[in-house]
């Protein structure tokens, strides 16, 4: 059985996602930035919201939860280590745990870095990764709580997923990320091509999320600290991948 995906823009640049079964209209929501647009999509598509998965505790990912739950009796799922910072939870999960939805199994990944306790949800049978603010289109989340070591470990495990995996990340930051990426990897033809596509999408008010893991591995500098040109441009030829990643994150923070 194939599940369908709806991408929902919320707030100024957030995304929520709904997976649903087109036959019985059962739905799973990932993150709850804002209630109104999410409830609107649920109603317009005649969906039955069964589960809500929260990637991390930041307000722009949970502030809509209470009002959504006023209208829908859904099971809420989030990180066990973050129960003290999250709204009401019905199910507590950690890395390696599985959750079921419509006879499909989703695996939990610990993707700490942006926050400590950030989790991602991966449906291997559907090629969907809900990465929140860990791996993003042409970027990764700022390190508010975690370390560069933690984030690099998080991204490294995600890079082992199949190339066809759809990266459903939590924000529309791709244009800014593209501009930054070109400052440290201007020689990359795949990045140049993608940057032009991002500009075109921006002018047409189109989503650039989700992307594919294959595309991220070719163009996202945060997944490419081993790249010889990036290392040369940063004067870090002899450095470790983690050291180069840390430098890229530092430069992006100042960009």
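Numbering (the working numbering), first residue to last: 13 to 267. Idealized CB from N, CA, C, for every residue including glycine.
(message) Just to confirm my understanding: we take residue 213, look at its own chain, exclude 5 residues before and 5 after, and list those with CB closer than 7 Å. What are they?
(response) Contacts found: 220.
(message) So, at 8 Å on beta carbons, what are the nonlocal neighbours of residue 254 in its own chain, with the 5 sequence-adjacent residues on each side left out?
(response) Once the five neighbours on either side are set aside, the close Cβ partners of residue 254 are 160, 161, 164 and 237.
(request) Tell whether a beta-carbon distance below 7 Å holds between residue 127 and residue 82. (result) no
(request) In the DSSP assignment, find the unbroken beta strand (DSSP E) run with residue 32 in it and report its ends. (result) 26–32
(message) Do residue 118 and residue 135 count as a contact pair if the criterion is CB distance below 7 Å?
(response) yes
(message) Using a Cβ-Cβ cutoff of less than 6 Å, which residues in the same chain neighbour residue 68 once the five nearest sequence positions on both sides are dropped?
(response) Here the set comprises 127, 130 and 144.
(message) Please return the same chain residues whose Cβ sits closer than 7 Å to the Cβ of residue 194, not counting the five positions on each side in sequence.
(response) 203 and 207
(message) Give the list of continuous alpha helix (DSSP H) stretches no shorter than 4 residues that lie fully inside the segment 57–123.
(response) 71–74 and 77–83
(request) Check each candidate in 31, 26 and 201 and name the one with the smallest Cα separation from residue 70. (result) 26
(request) Kindly indicate which three-state DSSP category residue 44 falls into: helix, strand or coil? (result) Correct three-state label for residue 44: coil.
(request) Quick one: residues in its chain with C-beta nearer than 7 Å to the C-beta of residue 259, no 5 flanking neighbours on either side, listed in chain order? (result) 246 and 248
(request) List the whole-angstrom C-beta distance separating residue 264 from residue 192, where the pair is believed to meet the contact cut-off of C-beta under 8 Å. (result) 5 Å
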